[in-house]
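Engineer:
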Amino acid sequence: MRSNRLLGGKVMNKSCLRVIHVATLVLMFAGGAMFGSWHVHNAAAQNKFGQPKSVIHVVIYKWKDAVADAERQKALDGIKDMAGKIPGIKNVWLKTQRNQARNYDGVFAMEFESPETVADYAENPIHEEWSKRWQELRANSLSLQVTNP
Numbered sequence: 002m003r004s005n006r007l008l009g010g011k012v013m014n015k016s017c018l019r020v021i022h023v024a025t026l027v028l029m030f031a032g033g034a035m036f037g038s039w040h041v042h043n044a045a046a047q048n049k050f051g052q053p054k055s056v057i058h059v060v061i062y063k064w065k066d067a068v069a070d071a072e073r074q075k076a077l078d079g080i081k082d083m084a085g086k087i088p089g090i091k092n093v094w095l096k097t098q099r100n101q102a103r104n105y106d107g108v109f110a111m112e113f114e115s116p117e118t119v120a121d122y123a124e125n126p127i128h129e130e131w132s133k134r135w136q137e138l139r140a141n142s143l144s145l146q147v148t149n150p
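Structure below.
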């Protein structure tokens, strides 16, 4: 095996080749780091968001003490059932992730297409039937609605 290599008509020894390889790797690493830094910076600077015209309906609730877990789950499942049957409901959130209202047991939210679909939902017989049962199960609740101008 030869320890010399021919490159462009010149003879290069092993140490010179190592220096070139190391320098190439360092340049590649630095270039990748700079590109990654640039990409992260630009991604953060270009965060896209919207202001949809949909309405978010949020309910914070407390169950009556005597309500069994199965009844509680049935009431929450009823929200999914309504979402599948009442036009204008886009999304539902049923799992309480964090609740800072210490006197309440949970939170659910519903997204409606527009203020008009919220009004239609409130008067829908499916909602009215669910609401009667909900009133029997809850000790207290607060509801809020939010949208964009």
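Residue 2 is where the sequence shown starts when you use the working numbering, and the numbers rise one by one after that. Heads up, the beta-carbon is just placed ideally off N, CA and C, and yes, glycines get one too. In this text the structure is predicted, and so the values were computed from the model without any measurement.
1) Cutting at 8 Å between CB atoms, please list the residues of its own chain near Leu95, excluding the five before and the five after it.
2) Please state the DSSP three-state secondary structure of Ile87.
3) Taking DSSP as the reference, what is the three-state secondary structure of Glu117?
4) Exposed or buried, which one is Thr25 when buried takes at least 16 other CB atoms within 10 Å?
5) CB Ile61 to CB Ala102, shorter than 8 Å?
6) The alpha helix (DSSP H) with Leu143 in it runs from where to where?
7) Under a Cβ-count criterion, where at least 16 other Cβ atoms within 10 Å of its own Cβ denotes burial, should Val119 be classed as buried or exposed?
Structural biologist: On the basis of the data shown:
1) Taking the sequence shown and counting its residues from 1, the one referred to as residue 95 is at position 94. Only Leu77, Ile80, Lys81 and Phe109 meet the Cβ criterion.
2) On the sequence shown, residue 87 is found 86 positions in, with the first residue counted as 1. DSSP places Ile87 in coil when its eight states are reduced to three.
3) In the sequence shown, residue 117 corresponds to position 116, counting from 1. Correct three-state label for Glu117: helix.
4) Mapped onto the sequence shown, residue 25 falls at position 24. Result: exposed.
5) Taking the sequence shown and counting its residues from 1, one reaches residue 61 at position 60. Taking the sequence shown and counting its residues from 1, one reaches residue 102 at position 101. Yes, these two residues count as a Cβ contact at 8 Å.
6) Here residue 143 refers to the residue found at position 142 of the sequence shown. Not the alpha helix (DSSP H): Leu143 falls in the beta strand (DSSP E), residues Arg139 to Val147.
7) For this step, residue 119 is matched to residue 118 along the sequence shown. With 16 or more Cβ atoms within 10 Å of its Cβ, Val119 is classed as buried.
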